[in-house]
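Student: Chains as they are written, first to last, in the working numbering: chain C, 3 to 387; chain W, 3 to 387; chain V, 3 to 387; chain Z, 3 to 387.
Protein chains: 4
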Amino acid sequence: MNRNHKLTALFLKCRNLTESICGPLEVEDYVPQPIVDVSPPKWHLGHTTWFFEAFVLQQFAKGYKIFHEDFAYLFNSYYNNAGERVLRPNRGLMSRPPVREVMDYRKYVTDSMVKFLSLNQEDKILDIIELGINHEQQHQELLVYDIKYILGNQPTFPVYGEGFECKKGATENGFVKRAAGLYSIGADGKSFCYDNELAQHQVYLREYQISKSLVTNGEYLEFIQSGAYTDFNLWLAEGWDFINREGIQAPLYWHKINGEWWNYTFKGLQKVDVNVPVQHVSFYEALAFAEWKGMRLPTEFEWEAAAEDLQWGQLWEWTYSAYQPYPGFAKAPGALGEYNGKFMINQNVLRGASVATPQDHSRITYRNFFHAASRWLFSGIRLAK
Amino acid sequence: MNRNHKLTALFLKCRNLTESICGPLEVEDYVPQPIVDVSPPKWHLGHTTWFFEAFVLQQFAKGYKIFHEDFAYLFNSYYNNAGERVLRPNRGLMSRPPVREVMDYRKYVTDSMVKFLSLNQEDKILDIIELGINHEQQHQELLVYDIKYILGNQPTFPVYGEGFECKKGATENGFVKRAAGLYSIGADGKSFCYDNELAQHQVYLREYQISKSLVTNGEYLEFIQSGAYTDFNLWLAEGWDFINREGIQAPLYWHKINGEWWNYTFKGLQKVDVNVPVQHVSFYEALAFAEWKGMRLPTEFEWEAAAEDLQWGQLWEWTYSAYQPYPGFAKAPGALGEYNGKFMINQNVLRGASVATPQDHSRITYRNFFHAASRWLFSGIRLAK
Amino acid sequence: MNRNHKLTALFLKCRNLTESICGPLEVEDYVPQPIVDVSPPKWHLGHTTWFFEAFVLQQFAKGYKIFHEDFAYLFNSYYNNAGERVLRPNRGLMSRPPVREVMDYRKYVTDSMVKFLSLNQEDKILDIIELGINHEQQHQELLVYDIKYILGNQPTFPVYGEGFECKKGATENGFVKRAAGLYSIGADGKSFCYDNELAQHQVYLREYQISKSLVTNGEYLEFIQSGAYTDFNLWLAEGWDFINREGIQAPLYWHKINGEWWNYTFKGLQKVDVNVPVQHVSFYEALAFAEWKGMRLPTEFEWEAAAEDLQWGQLWEWTYSAYQPYPGFAKAPGALGEYNGKFMINQNVLRGASVATPQDHSRITYRNFFHAASRWLFSGIRLAK
Amino acid sequence: MNRNHKLTALFLKCRNLTESICGPLEVEDYVPQPIVDVSPPKWHLGHTTWFFEAFVLQQFAKGYKIFHEDFAYLFNSYYNNAGERVLRPNRGLMSRPPVREVMDYRKYVTDSMVKFLSLNQEDKILDIIELGINHEQQHQELLVYDIKYILGNQPTFPVYGEGFECKKGATENGFVKRAAGLYSIGADGKSFCYDNELAQHQVYLREYQISKSLVTNGEYLEFIQSGAYTDFNLWLAEGWDFINREGIQAPLYWHKINGEWWNYTFKGLQKVDVNVPVQHVSFYEALAFAEWKGMRLPTEFEWEAAAEDLQWGQLWEWTYSAYQPYPGFAKAPGALGEYNGKFMINQNVLRGASVATPQDHSRITYRNFFHAASRWLFSGIRLAK
C-alpha cells in the first residue's frame, strides 16, 4: 500500500473519530466556552477542517473552491501568517454557523481531501497532510477535555457515556533505577514526529529512580487529609498564590458532599475511586505532592530514558522540565512554523499519553506542554527520587 | 368576562408571543451570553416560566409538582429570597437543559397555569399572575435586545427577519410648550402599574419646551461629522472616559465600511437610513448630542407632563432623571419586593416605549431604567429646552 | 474695606490654613496615594496653587513668570481645557518635586497673588479669585480626609493630633415636621455660591418629618449586632454586592479587637464612642440603616427646606437625591465650566458640613456629592419619614 | 584574620554601601512603589536590616531586644515561616516609619551585629551572617534598579549622579567556540554560594559558539528600524501579546523625541549612545533580536562553560534556560529554605553580573532569575549559534 493510500485510510479514520467523540452531545453543548482555555466543540470541528482547507486544498488542489469565505476568520486558531481571526475569548459567542453547517463543511473538505489524495501527491504535500492528521488527533484529545469541562460545570452533572475513564492502576509497584550516564533523547526523524522532538541529542543524567506507576486517588486523599493545601512549605510561591486565589482544595471536578469526596466523570457524579490514578491536578499540586512524599518529579529526560520500563498511557505526567527547544531545534518556514516554537516559554512538559489520546498518537519522545496552573487536561503524577 | 378569563387570555397570548419571538433562531443562538447584560434566549424562556412556577403554582396550586428540582437554581434571576442561583455571568455556560426541555417546561407550566386559572382564584393571586404576565412582557423586550446583540455580533451578520425596526420619524416637527406649574406625576393605581410608578404626586415644573419628535440618524451623523466624539467639552467626565476606554465613535451596531456608515438591523447589515430615529445610544451620547445642539434632555417629569402631545413609542427615551423612589414608594414584602426597589441607584430613567415593547405594555407613567452606559437597548433621544 | 482687601485677607487666611493642616505630617506622609480617590497631600498643596497660577496669574497678571514649566502637567486635576496632566492613579508615584519645592511654589504664587490683588482688580477677576479660595477650601477638607486615610492605613496607627473629631451629638432629639407645599430651593446668587446651586427654583414637597440629630455609633452598633450586614433585604442590589465583594462589616476605620469595636481617629486607635455620630459610612450603609429603622433618608430638598431647625455641621449627610442639574443650570465657558457640571451622573448629594469643613465654607444651599460607595469622606446619617 | 573579623569587615562595608546608594535621594524618593516589582528604597533599608534581626539576633543573641515590634510585619518580604506581613503591593503606602527612624533601626541592628560578631560565633551562625550579607548585596542591586525606575518615571527626569552606567563595549568581537562534550556545571561548595548553584553536575553540550561581547544600542536600533516590533514571526506568542498589550516599541526608558531616540540614565535624559550595550530589554525582546539575527540565545550551561573567555559584568544576560533545580538541589529547613527554591517556575535564568552588582557578589556559577517580561533590571543580550 503506498503512502497516499495509507494516509487516506488514516485521514478518514481520524475524521470519523472526531465526529464520534461528539456523538453524545446535545446541539447546545457545541456552543459554550466556559473558560478561555476551553473551546466550543463546534470550533474544534471547524478548526481541524480549516487546517486541511488552508494548508492543503487552498495551496495545492487546483480549482478548489473554498466552502465559505468567512470560515478562515472564524476557525483560524493562532496562525498570524494565515490572517485575522476571531479573538480566542470570543469563540463561545459564535452561535453561527450552526452545527449542521459545520458538519457540511467537514463533509465538503473531507470529500475534497479524499479526491485530492486519490491523485497521488508528492511527499512534501503528504507531509503536511500527515501533520494535519496529527493536528486533528491533538484536537480530539482537547475535545475530550473541553467536553468534560463543559458538562462537568453544568449544575445537573449530565452523563456523557462510556469511555475516556482511567482504570485501576498498576499491579506492579516500586521504582525503576537508571545508572548515571549519557542517554539519547528525542526522535530520530525516521517516522512522523513534531519539530519540538528534534534534534535527537545526548543528555547526561545522574543516577535516579522513577516510579513504575502513577499516584492514586487514595494516596492523594492522604495528602489532602494531612492538611497539605494549607501548608505553604510544600508549595512553590506561585502555586501557593494560585490555590489561595482560586480557593483550590482538591483536584478539579472533586466535590465534598456530606463529608465524602465525589468527582465528576463521564458517567456523572461518582464517589472518588481510591484505586485509580489521581487526575486533573496542576503542576503545582503534583510538585507539592512530591515534596510531601519527600521525593520529586522526574525531568522529561529521566522519563524518556526509563520509559520502556514504565506503565504509562492513562494520564499525561507532569515533569519538572520547562518546555524549551532541544539543541538544533528549527522551525518550519511560514504559518506551519508557528505550530510549536512560539509557545516555548512558561510552560511545563508532560510525558506519556492519556485515555483520551487517539490510538496512533503516542510515542516515548512526545512532548506535551501546558501551563503549570492547568487542571482541565488529563494529567497525573509520577514520582522520582 | 370575569378577571380569571381575561387573565387566561392575556396569559396565553403572552406565552405564545415569547415563543414566536424566538421563532427565527437556530438552536445554537439560544446559548451564548456575549456580555453580562445579555442573557441567553434559553434563559429568558426558562426564567419567565420559573416566575409563574415559583410565585404562583408552588405557593397556591394544591398538589402542584415542580417540573425539575434544579430549575429554580438555573432560572432564578436575582431574587435572594428565592434561594441560590447560577451567577449571572455564567448563564451562557449552561448548555443544559437543552432548548427542547425548556420548551417542555414552558408547556408544563403553561398548562398548569391554565388549569389553575380555571378554578377562579382570588384577587390577591390574580394580582401576582398579572405581575407575572407583565414580567414576561418585559423579558420579551429584553429578548429582542439580546437576540439582536447575539446575532449582530456574529461576523456573518445573519438575518433575523421582519419586525422590530423603527419607521421613518414624525412628519410634524417642532416643540410642545408647557407652562410653569404643578403637574400630577405617577400612576393612580386604578389599573395595573409597577410599584415604582407610585405614589402619584405633585411636581412643580418651570416653563419648558420639549420636542415633538426624536432625533434622527441624519441629525446624529452631523453630530459625528462635527467631531463630537473627540470634543471633551460636550461630555460628562464619566462619558468621556467611557467612549475613550471602549473606543466608541458611533452608536452600537454602526460600522464604517469604505467611508460609508452601515448598521446591523434584523434584516442584516444595511446602509444607515438618515430618516429614522437614531437608536442604540448611551445616556452619555444622548446628553452630549443635546449639549452640542445647545439644548438639554428632558426630566422624566417634563416628559410625562407633555406625553399626550408627543409622538412616542418607537424608542425608549433617555431622561436626565435618576431612577429613585417616588414619595410614598413602598415595596412589597418578600421576594416580589425585590422587583424594582433594590435597583434605585446609579441608573437613569427612560420614558416612552419601543418597537420591541409588547402591545399591552406601555403607558405614560411607565418608568424604564438602565445604566448610563447601556447601548444594547432600543434607546433614542428627545430634546428639551 | 473694599472687595480687594477683603479677598486678600480671606486668601491669606485660606493659604495659611492649608499649610497648618499639614503641620503634623512627616515628609513621607505627603507622598502616598493608597487608593485612587485619595491624593497625596503634596499634590493638594500644588494643585490649589496651580489653580491660582493658571486661572488668575497667567491670564491676567502682566509679566507674570510661571514658577516651573512642568508644574501645570503635574498639578492639573481634571481640566481638559488646561492641557495634558499626570493620570490620576499616578499621583502617588511623583516623589518629585520634593515638598520643600512645592512650599516654595506656594510662597511664590501667594506673594504674586497678594501683589496682584493690591492693584485693585475688576469684579470679573475677583470672582475667579473668590472661586479659587473656595476651591482651596474644598481641598482643605479633602486633605483632612486623605491624611486620615493615609495615616489610618499605617499598621502602626500613628497619632495626628487634636482637631477634626466629632463631638457628642445633640441633647435634643425628635423630628421636625414640614407641611406639604412649595419650597424655594437653591441659592439666590446674591453672595458666593457654586453654579450647581443655581437656579433657585420651586420644589413641591409632600408632608414629611426629618430627624433633628444624626444617628450615633451606639445606634449603628445595634444595627451591626442585629446582623444587618448579612440581611440582603435591607440593601440595594449594588450595595449588597459592594459589601460582599469588599468584605465590609462595619464603617471604615472600625476594627474588632478581642470582641470589642475600636476605630481609628486622629488621636490613634480608640474604643468606639457610642455617643458621637456614626461616621465613614457609604450611602449604601446609610440607606440600609434607614430601611432597618423602618424609615428613609431625606431628599436634598427636604433637607434644605428644614435646615434651619436642624442640628448640622458635624458630618455630611447622605440624601436620596442624585446629583443632577437644577432647572436653569448653566456652566461657565472654558476650563472653569468643568468645575461641577461634568460630574452630574451616578453620584449622590450630601448636605450639611463636617468638622473638616473650613469655617467660611458652609451654607444651607451647598451641594456636596460623592459616589454611593465612598466611605473615606466625613459622612453620617440623618433619618426622615 | 579569623572568619569573625573578616565577616565584620564585610558586614560593615556592605551596610555602608546600602546607605551610600541612597545618598542622592530626596526623602520623598524613599516612599513610592510605582509598580509591584519596584519596592520603595525605605523598604529595602528596613528589610535587609530585619533579615539580620530575625535570622541572627533574635535567634542567637542573648538578651537582644527587638527594635520595634511592628517592624517584622512591615519588613518581612516573603518568608511565610516568619509570620504575617504587609502585602507586597502595599509597600508604597507605608509612609511610616519615616526614613530617619529606619536609619535608626539600621544603626541599632548594625551595632548589635558588630557586638555579636565580636564574641566569636560558631560557623553555623557565621554561615547565616554570610548569607545575610549576600542577601543585602542582592538588595543593593535591586535598590539601584528601583531608584532608576522611580526617578526615571518622574516627568521631570531628575539626575541621580555618577555611577551605575555601562561603558562602551568590547574592543574584541567575534565568537568563542566550544567543542561537544561533558562540562562541569555549578558550584563546588568550597566557598560561599546559594543553594540554587548546587549540586555541581555534568552537562553534555553539543558544539556551539557564543559571542564574546554584548549586543549594542547601535545594533538594537537597526532591529527597531527594520520593523521588528511589528513582525510577529520574530516573537514568542506570549512576547507578541506582551509588547502589543503594553505598547512596547523600544527598550525601557527609551523615548523618541522629535524623531530621535533618547534614554533616561542616572545623568538624566540623554541621547542613546550606540556604542554601549543595549539595556533594559525583556527576555522576549532578547529572543526576538536573536531570531532576527538568525542566531539564538545561549543556555545557562553554554554560558558557564565558556564564561572564562567572555567579556562579562556590565549587564545580566538572558539565557534560554528556565530557572529550575539542579540535580541534587536541596533547600534549607525553615524560613531560609524559602530563599530560592520556591521561585523555581516560570522564570528565566540570567548569567553574568551588571554595573549595579556589588563588588564581591559575582561568580560564574551565579544564577540570577527574572520573569520573561521584566525590563527594569540591568539586562542585556549575548548571542549564540
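Note that beta-carbon positions come from the ideal geometry of N, C-alpha and C, so glycine has one too. None of the values given here were measured: they were computed from a predicted structure.
How many angstroms separate the CA atom of Leu299(W) from the CA atom of Val217(W)?
Tutor: The sequence position of residue 299(W) within the second sequence is 297, counting from 1. The sequence position of residue 217(W) within the second sequence is 215, counting from 1. In a straight line, the C-alpha of Leu299(W) is about 11 Å away from that of Val217(W).
Student: With C-beta atoms as the reference, is Gly382(C) less than 7 Å away from Tyr266(C)?
Tutor: By one-based count along the first sequence, residue 382(C) stands at place 380. By one-based count along the first sequence, residue 266(C) stands at place 264. No, the Cβ-Cβ distance between Gly382(C) and Tyr266(C) is not below 7 Å.
Student: Count the other C-beta atoms from every protein chain shown that fall within 10 angstroms of the C-beta of Gly48(C), then say buried if there are 16 or more, exposed otherwise.
Tutor: Against the first sequence, residue 48(C) aligns to sequence position 46. So Gly48(C) counts as buried.
Student: Work out the CA separation of Leu27(V) and Thr112(V) for me, nearest whole Å.
Tutor: As a working note, residue 112(V) is residue 110 in the third sequence. As a working note, residue 27(V) is residue 25 in the third sequence. When rounded, the distance between both Cα atoms is 22 Å.
Student: Any C-beta of chain Z within less than 9 Å: which residues of the region 240–252 of chain C qualify?
Tutor: Going along the region 240–252 of chain C in chain order, one finds Glu240, Gly241 and Trp242 with a Cβ nearer than 9 Å to chain Z.
Student: May I have a chain-ordered list of the alpha helix (DSSP H) segments no shorter than 4 residues that lie completely inside the region 42–100 of chain V?
Tutor: Qualifying alpha helix (DSSP H) stretches, in chain order: 43–54 and 73–77.
Student: In chain order, what are the residue ranges of uninterrupted beta strand (DSSP E) at least 3 long that sit wholly in the region 225–255 of chain V?
Tutor: The qualifying runs do not exist here; there are none.
Student: Counting pairs of beta carbons, one from the region 343–353 of chain V and one from the region 308–325 of chain V, are three or more of them closer than 8 Å?
Tutor: Touching, yes.
Student: Which whole-angstrom value describes the C-beta separation of Glu306(Z) and Ile187(Z), a residue pair presumed to lie in contact below a C-beta threshold of 8 Å?
Tutor: Locating residue 306(Z) in the fourth sequence gives position 304, counting from the first residue. Locating residue 187(Z) in the fourth sequence gives position 185, counting from the first residue. That pair is a contact at about 6 Å.
Student: How about Phe345(Z): is its C-beta nearer than 7 Å to some C-beta of chain C?
Tutor: Working through the fourth sequence from its first residue, we reach residue 345(Z) at position 343. Output row for Phe345(Z): interface = yes.
Student: Should Thr158(C) be flagged as near chain W, meaning a C-beta pair shorter than 7 Å?
Tutor: Position 156 of the first sequence, counted from the start, is the residue given in the question as residue 158(C). At least one chain W Cβ lies under 7 Å of Thr158(C).
Student: If contact is defined by three or more beta carbon pairs under 8 Å, each pair taking one atom from either stretch, is the region 36–56 of chain Z in contact with the region 166–175 of chain Z?
Tutor: Cβ pair count under 8 Å is below three, so no.
Student: Please give the ranges of any alpha helix (DSSP H) in the region 99–173 of chain C, keeping only runs that are unbroken, at least 4 residues long and fully inside the region.
Tutor: Runs found: 101–119 and 125–154.
Student: Does Leu385(V) come within less than 7 Å of chain W when only Cβ atoms are used?
Tutor: Your numbering for residue 385(V) matches position 383 in the third sequence. No, Leu385(V) does not count as interfacial toward chain W.
Student: Can you list, in chain order, the stretches of the beta strand (DSSP E) that have 3 or more residues and sit fully within the region 263–349 of chain V?
Tutor: Listed in chain order, the complete beta strand (DSSP E) runs (minimum 3 residues) inside the region 263–349 of chain V are 270–273 and 318–324.
Student: Return the first residue and the last residue of the alpha helix (DSSP H) that His7(C) is part of.
Tutor: One-based indexing of the first sequence puts residue 7(C) at position 5. Here the alpha helix (DSSP H) through His7(C) covers Arg5 to Ile23.
Student: Quick one: which residues of the region 14–38 of chain C get their C-beta closer than 8 Å to a C-beta of chain W? List them in chain order.
Tutor: Going along the region 14–38 of chain C in chain order, one finds Glu28, Val29, Glu30, Asp31, Tyr32, Val33, Pro34 and Pro36 with a Cβ nearer than 8 Å to chain W.
Student: Should the region 230–240 of chain W be called in touch with the region 195–202 of chain W, which here means at least 3 C-beta pairs below 8 Å?
Tutor: The region 230–240 of chain W, when compared against the region 195–202 of chain W, does not touch it at the 8 Å Cβ threshold.
Student: Does Arg208(V) get closer than 7 Å to chain W when you measure Cβ to Cβ?
Tutor: Position 206 of the third sequence, counted from the start, is the residue given in the question as residue 208(V). Answer yes: the Cβ-Cβ gap between Arg208(V) and chain W drops below 7 Å somewhere.
Student: Taking DSSP's pairing of strands, which residues face Val351(W) in a bridge?
Tutor: On the second sequence, residue 351(W) is found 349 positions in, with the first residue counted as 1. Paired residue(s): Phe371(W).
Student: Just tell me which of Ser114(Z), Ala230(Z), Tyr32(Z) and Ser364(Z) has its CA closest to the CA of Leu289(Z).
Tutor: Mapped onto the fourth sequence, residue 289(Z) falls at position 287. Selected option, being the one with the closest Cα: Ala230(Z).
Student: What is the residue span of the beta strand (DSSP E) that His40(W) lies within?
Tutor: Against the second sequence, residue 40(W) aligns to sequence position 38. One point to set straight first is that residue 40(W) is Val, not His, in the sequence displayed. That residue, Val40(W), is in no beta strand (DSSP E); it is neither H nor E in DSSP.
Student: I'd like the list of long-range same chain contacts for Tyr110(W), defined as Cβ closer than 6 Å, with 5 residues on each side in sequence excluded.
Tutor: Here residue 110(W) refers to the residue found at position 108 of the second sequence. Closer than 6 Å at Cβ, skipping near neighbours: Phe69.
Student: Could you run through the region 304–330 of chain V and flag, in chain order, every residue whose CB is less than 8 Å away from some CB of chain W?
Tutor: Listed by position, the residues of the region 304–330 of chain V near chain W (Cβ gap below 8 Å) are Tyr322, Ser323, Ala324, Gln326, Pro327, Pro329 and Gly330.
Student: At the level of alpha carbons, what is the spacing between Leu271(Z) and Trp256(Z)?
Tutor: Here residue 271(Z) refers to the residue found at position 269 of the fourth sequence. Here residue 256(Z) refers to the residue found at position 254 of the fourth sequence. Roughly 9 Å separates the two Cα atoms.
Student: For a test of the three-state rule: what should DSSP assign to Gly220(C), helix, strand or coil?
Tutor: Here residue 220(C) corresponds to residue number 218 of the first sequence, with the count starting at 1. It is helical.
Student: Could you say if the region 113–130 of chain C and the region 3–21 of chain C meet the contact criterion of at least three C-beta pairs nearer than 8 Å?
Tutor: At 8 Å Cβ cutoff, the stretches touch.
Student: Would you say Leu184(C) faces chain Z, with C-beta separation under 7 Å as the test?
Tutor: Along the first sequence, one-based indexing puts residue 184(C) at 182. With 7 Å as the cut-off, Leu184(C) counts as an interface residue toward chain Z.
Student: Step through the CB atoms of chain C and report whether any lies within less than 7 Å of the CB of Ala288(Z).
Tutor: As a position in the fourth sequence, residue 288(Z) is number 286, starting the count at 1. No, because no Cβ of chain C sits closer than 7 Å to the Cβ of Ala288(Z).
Student: Listing by chain order, which chain V residues have their CB less than 8 Å from the CB of Ile152(Z)?
Tutor: As a first step, residue 152(Z) must be located in the fourth sequence, where it is residue number 150. Ordered by position in chain V, the residues that pass the 8 Å Cβ test against Ile152(Z) are Leu95 and Ser97.
Student: Taking Cβ to Cβ, would you say Ser284(Z) is nearer than 7 Å to Arg377(Z)?
Tutor: On the fourth sequence, residue 284(Z) is found 282 positions in, with the first residue counted as 1. On the fourth sequence, residue 377(Z) is found 375 positions in, with the first residue counted as 1. Yes. Within cutoff.
Student: Please confirm whether Ala84(Z) has its beta-carbon closer than 7 Å to some beta-carbon of chain C.
Tutor: Within the fourth sequence, residue 84(Z) is the residue found at index 82, counting from 1. Closer than 7 Å: no.
Student: What number of angstroms, rounded off, separates the C-alpha of Gln123(Z) from the C-alpha of His137(Z)?
Tutor: Taking the fourth sequence and counting its residues from 1, the one referred to as residue 123(Z) is at position 121. Taking the fourth sequence and counting its residues from 1, the one referred to as residue 137(Z) is at position 135. Their backbone Cα atoms lie some 20 Å apart in a straight line.
Student: Which residues, taken in chain order from the region 366–386 of chain V, show a beta carbon closer than 7 Å to some beta carbon of chain W?
Tutor: For the region 366–386 of chain V, which is checked against every Cβ of chain W, the residues closer than 7 Å are Ala374.
Student: Residues of chain W with CB under 9 Å from Pro100(C), in chain order?
Tutor: Start at 1 with the first residue of the first sequence, and residue 100(C) comes out as number 98. In chain order: Glu28, Val29, Glu30 and Asp31.
Student: Output, in chain order, the set of chain W residues within a Cβ distance shorter than 9 Å of Val116(C).
Tutor: Locating residue 116(C) in the first sequence gives position 114, counting from the first residue. In chain order: nothing, as chain W lies at least about 28 Å away.
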